[in-house]
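So for the sequence shown, my numbering puts the first residue at 29; every next one is plus one.
Shown next, in structure tokens, is the structure this report addresses.
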Amino acid sequence: MENTAEGATPKLVGARVLRREDQRFLTGQGVYVDDYRPSGLLHAAFLRSPYAHARLGRIETANAQAMPGVVAVMTGADLARVAKPVRAKSRMSQYRETGFPPLALDKVRYVGEAVAVVVAESRYVAEDALEEIVVDYEPLAAVADAMAARASGEPETVLLHDEAESNVLLAREFSQGDAEAAMAQADVRVRDRFRFHRHAVVCMENRGCVAEFHLGSGELTLRSATQCPGLLRDALADLLDMPEHLVRVIAPDVGGGFGAKSSLYPEEITVCALARMLSRPVKWISDRREDLLTSTQAWDEVVEAELALRADGTIIGLRAEVTSDIGAYSIYPWTASVEPIQAISFLSGPYRVPHYAARVRGVATCKAPMGPYRGVGRPVTTFVMEGLMDRAARQLGMDPVALRLHNYIREEDFPYRTPSGIVWDQASLTPCMDQAVEALDYAGLQAWRSQVRAEGRWAGIGFATYIELTGVGSAIPASPGASISTGTEAAFLRADPSGTVTAAFSLAPQGQGNETTLAQVVADELGVRLQDVRVVCGDTAIAPHGSGTYASRSAVLAGGAAILAGRDLRAKALQIAAHLLEANPDDLDLQQGRVSVQGSPDRGVSFREVAQAAYGGRRRLPPDVEPGLEVTRFYDPYYGTASSATHVVAAEVDRETYEVTLHRYVVVEDCGRLINPLIVDGQVRGGVAQGIGAALYEEVIYDPGGQLLSGTLMDYLVPSAAEVIKTEIHHLETPSPTTLGGFRGMGEGGTIGAPAAIANAVSDALSQFGVEINEIPMTPERLMQLVRAESSC
Ligand code: MCN
Ligand code: SMO
């Protein structure tokens, strides 16, 4: 049932309400950063390093400065006088903190790093003026390969950050039990070296921002295509040394973020500093090439892993060594640890793994900084663990489904503590797989595979199950010891005298549909119609304190805050209504914007009349009730909650072209109580599409000198609709036992499961050659080489 008539169903949570924001998105009425054109607007363009690693000498800016239309030129030294360098802090013991100057100071460390900025009356003039700036670069050897840079023990000849004294900016180990002994006792051991290449985060809208400084009030306003207005506000106040209440950050409509817009960027700081200095609005909009060069990139890990099992298929141990290429800088606020730490925290996945030993090292290289990308760490860990499971199944002669079912964390094991100390509250692992097998018609699909193979074609089936931590509260800080808060969100609700409701959140969605889902939650809790609730996101001057949209947290955190605030407002509305109706509040019910007295349905009052009374003076209010109808509530789910899914792929590899075609894609997932199944389905589909891109097409390539070879969308392949198969989606709906509302997060899940499931399907399709996929993306060239190498030996 698609509910087009807003407010038609009394229970909105759970209904397939159409996305209300789509009205403006689909009719071209969305308002993005670049649509904001205040009068007196100036345009910034950045001079970017052509070298991967070089010492900076003199920067000659006089000619650029003298060009008509140029208002200002700034170098790193100029900027350093008005803004502090970014330093992403963490208390992690083996983390080396380094600085990230918004404009390069003594050195450049990757191609595309900002060296100077020109502000001019138009972007054209600004771009032209860049050509007039002369920079003395003294080229240095590039650190291009994390594995080589890691080469243990050896003194590093080329250091990226002198202050760190090593290119290994972080290291961490986790262990539980005795993984060595488990390896020795195993009946079967499978191991491999997995390579998950570097990926770019491609959004429809590039990054961009506009800063304004109001001389009269001293207020700085930054509009940015960001996921995290709250985090930016805190950081900018600090870096620009401004009182925090004079800094306002607004995320307008944003066309995709996927993690790359969750960090603080050099351009945002620079543009703010310029606007303040010039007292004029300054805009910077990235072009696609700048975006591919400078937005945070993702994943890029080598994982050497080994799994030990008993002859009956029981897992007894796992060990792994992860090397993570973190690029040139540690990004704020997450630090360079965001990807690597997840990679060893979640490696054991949905399985009972008694003995575990894993180590990760994050190595700085001359590449764009590594940051979060949909799934963070878990696309890689799922690829590795699920790949090992299939290798083990083949070696044991077991069905991959049976081996998984045998090892899943069982219902009675929850809450389950993983070897890295994460606690899973509860998840539907076996039920997801059971339902997947049924939905697939596994036997039928196996028959399809046999038939295709009988025709001499290469077909395979791949499974992947994952479990993920979502809606994380304050127990697990994003970067330990840093002064940022990511564990709470808040909801501000205000009923106007006319009975309409404004719900403000610090979240800043980029396509997730939160304007619809949060309105559903508020309308249900409060008891008003959906069309009477307006959700406002992403303006720090309106919203209560919070950070933003990332880490699959908004359903849990903002949803929880919305429930608390909705309940409070309802209680107060009922108190006022009781006074108006001369009834007992306990006998009243508020639904669809109308308060009625239980048992006598014609006695009632509208929410509008209640709201009018709330602002209408003391005589209309109960004696002990203060005027007004608004409330702010915070919610902290503390640990967060587990979501899980099984993905199944049937795929075929073309014998001539080595192209992979997907034949079927089935997802069975459990994200707890569903707020809006239509939106959740869309999220799963989008996530799977990105996972398909990761598995088959997308790869950031730098040459050994650190030049980016995949700097356009001609070279960096993202899948189009033609490559994305329609995903069949099934939901299990087990309310989370630990979150208010029972919601679990799911915005990243599709991307976590897809690369692993597709890789396993391809391994299965090529199993006759003994090929095991251990490298992603599976380009036709790679597959051809694998098949040829195996066929020739
Ligand atoms: N939802 C629901 N019921 C649930 C859980 C979620 O109806 N039980 C809804 C939520 O209300 C929300 C959506 O599903 O509308 C996703 O919710 P959630 O899992 O809480 O994730 P967030 O809203 O916090 O979104 C962040 C997540 C992340 S981390 C990335 S990366 C990502 C993703 O969302 N980036 C996206 N999905 C994206 N979708 C779009 N279109 N664009 C991005 O940049
Ligand atoms: S990578 Mo999502 O913004 O946490």
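Built from N, CA and C at the ideal position, the CB exists for glycine as well.
Computed from a predicted structure; not experimentally measured.
Quiz item: Per DSSP, what kind of secondary structure is Leu335 in: helix, strand or coil?
Solution: Note: Leu335 maps to strand in three-state DSSP.
Quiz item: What are the uninterrupted segments assigned as alpha helix (DSSP H) that are 4 or more residues long and contained completely in the stretch 106-168, given in chain order?
Solution: Counting only unbroken stretches of 4 or more residues, the alpha helix (DSSP H) elements lying wholly within the stretch 106-168 are 151-158, in sequence order.
Quiz item: Which same chain residues, not among the five before or five after Glu155, have their C-beta less than 7 Å away from its C-beta?
Solution: Ala73
Exercise. Pick helix, strand or coil for Phe797, following the three-state DSSP scheme.
Key: helix
Quiz prompt | Ile804 versus Ala371 - alpha carbon distance | solution = 16 Å
Quiz item: Quick one: is the Cβ of Phe286 within less than 7 Å of any heavy atom of the ligand SMO?
Solution: yes
Quiz prompt | For Trp476, the three-state DSSP class (helix, strand or coil) | solution = helix
Quiz item: In three-state DSSP terms, what is Met398?
Solution: Here Met398 sits in strand by DSSP.
Quiz item: So, is Val19 buried or exposed, given that buried needs 16 or more other C-beta atoms within 10 angstroms?
Solution: Here the chain covers residues 29 to 821 and nothing more, so residue 19 does not appear.
Quiz item: Does DSSP put Val101 in a helix, a strand or coil?
Solution: strand
Quiz prompt | Local Cβ density within 10 Å of Met806, reported as buried at 16 or more and exposed below that | solution = That one is buried.
Quiz item: Taking just the CA atoms, how far does Ala301 sit from Thr458?
Solution: 54 Å
Quiz item: If you compare alpha carbons, which of Arg522, Glu88, Val277 is closest to Leu259?
Solution: Looking at the Cα atoms, Val277 is the closest of the given residues.
Quiz prompt | For Gly285 and Val404, the rounded distance between their alpha carbons | solution = 13 Å
Quiz item: Looking only at C-alpha atoms, which of Pro808, Phe797, Arg562, Arg52 sits nearest to Val815?
Solution: Nearest option by C-alpha distance: Phe797.
Quiz prompt | Delimiting residues of the beta strand (DSSP E) encompassing Thr322 | solution = Per DSSP, Thr322 belongs to no beta strand (DSSP E); it is in the alpha helix (DSSP H), 316-322.
Quiz item: Between which two residues does the beta strand (DSSP E) containing Cys565 stretch?
Solution: Note, Cys565: beta strand (DSSP E), 561-565.
Quiz item: Near Gly377, which residues of its chain fall below 8 Å by C-beta distance, leaving aside the five closest residues on each side in sequence?
Solution: Thr409, Thr410, Met413, Glu414, Thr493, Tyr494, Ile495
Exercise. Using 7 Å as the cut-off, classify the Cβ of Leu40 as near or not near the heavy atoms of the ligand MCN, replying yes or no.
Key: Remark: the shortest separation between the CB of Leu40 and any heavy atom of the ligand MCN does not fall under 7 Å.
Quiz item: Within 7 Å: the Cβ of Arg824 and any heavy atom of the ligand MCN?
Solution: This structure cannot settle anything about residue 824, because the visible part of the chain is limited to 29 through 821.
Quiz prompt | Terminal residues of the beta strand (DSSP E) in which Val196 lies | solution = 196-204
Quiz item: Mapping DSSP to helix, strand and coil, what is Glu440?
Solution: helix
Quiz item: Taking C-alpha atoms, which residue in Pro447, Trp452, Val429, Arg432 lies nearest to Glu440?
Solution: Trp452
Quiz item: For Arg235, which of helix, strand or coil comes out of DSSP?
Solution: coil
Quiz item: Is Ala519 near the ligand MCN, judged by its Cβ being under 7 Å from some heavy atom?
Solution: Incorrect: Ala519 has no Cβ contact closer than 7 Å to the ligand MCN.
Practice problem: Give a single yes or no on whether Asn542 has its beta carbon closer than 7 Å to a heavy atom of the ligand MCN. | Solution: yes
Self-check item: Burial state of Pro361 (16 or more Cβ within 10 Å)
Solution: buried
Self-check item: Option in Val625, Thr766, Leu608, Ile786 with minimal Cα separation from Val694
Solution: Sorting Val625, Thr766, Leu608, Ile786 by C-alpha distance to the C-alpha of Val694 places Ile786 at the top.
Quiz item: When DSSP labels each residue in this structure, what does Val350 get in the three-state scheme?
Solution: strand
Quiz item: Counting along the chain, where does the beta strand (DSSP E) carrying Pro765 start and finish?
Solution: Per DSSP, Pro765 belongs to no beta strand (DSSP E) and is neither H nor E.
Practice problem: Please report the residue range of the beta strand (DSSP E) in which Phe520 lies. | Solution: 517-523
Practice problem: Within the same chain, show all residues whose beta-carbon is closer than 8 Å to that of Gln122, passing over the 5 residues directly before and after it, in chain order. | Solution: Excluding positions up to five away in sequence, the list reads Leu198, Ala199, Arg200.
Exercise. Have a look at Val633 and Val41 and give me their C-alpha separation to the nearest angstrom.
Key: Cα-Cα distance, rounded: 25 Å.
Quiz item: So the alpha helix (DSSP H) Lys600 belongs to, where does it begin and stop?
Solution: Where Lys600 is concerned, the enclosing alpha helix (DSSP H) stretches over 582-609.
Exercise. Indicate whether at least one CB of chain D lies closer than 8 Å to the CB of Arg380.
Key: The question asks about chain D, but that chain is absent: this structure has only one protein chain.
Quiz item: How should Ser180 be labelled, buried or exposed, when 16 other C-beta atoms within 10 angstroms of its C-beta is the threshold for buried?
Solution: Residue placement at Ser180 cannot be trusted, given a pLDDT of 48 that sits under 50; what the coordinates show is reported in the next sentence. In summary, Ser180 is exposed, with fewer than 16 beta-carbon neighbours lying within 10 Å of its beta-carbon over all protein chains present.
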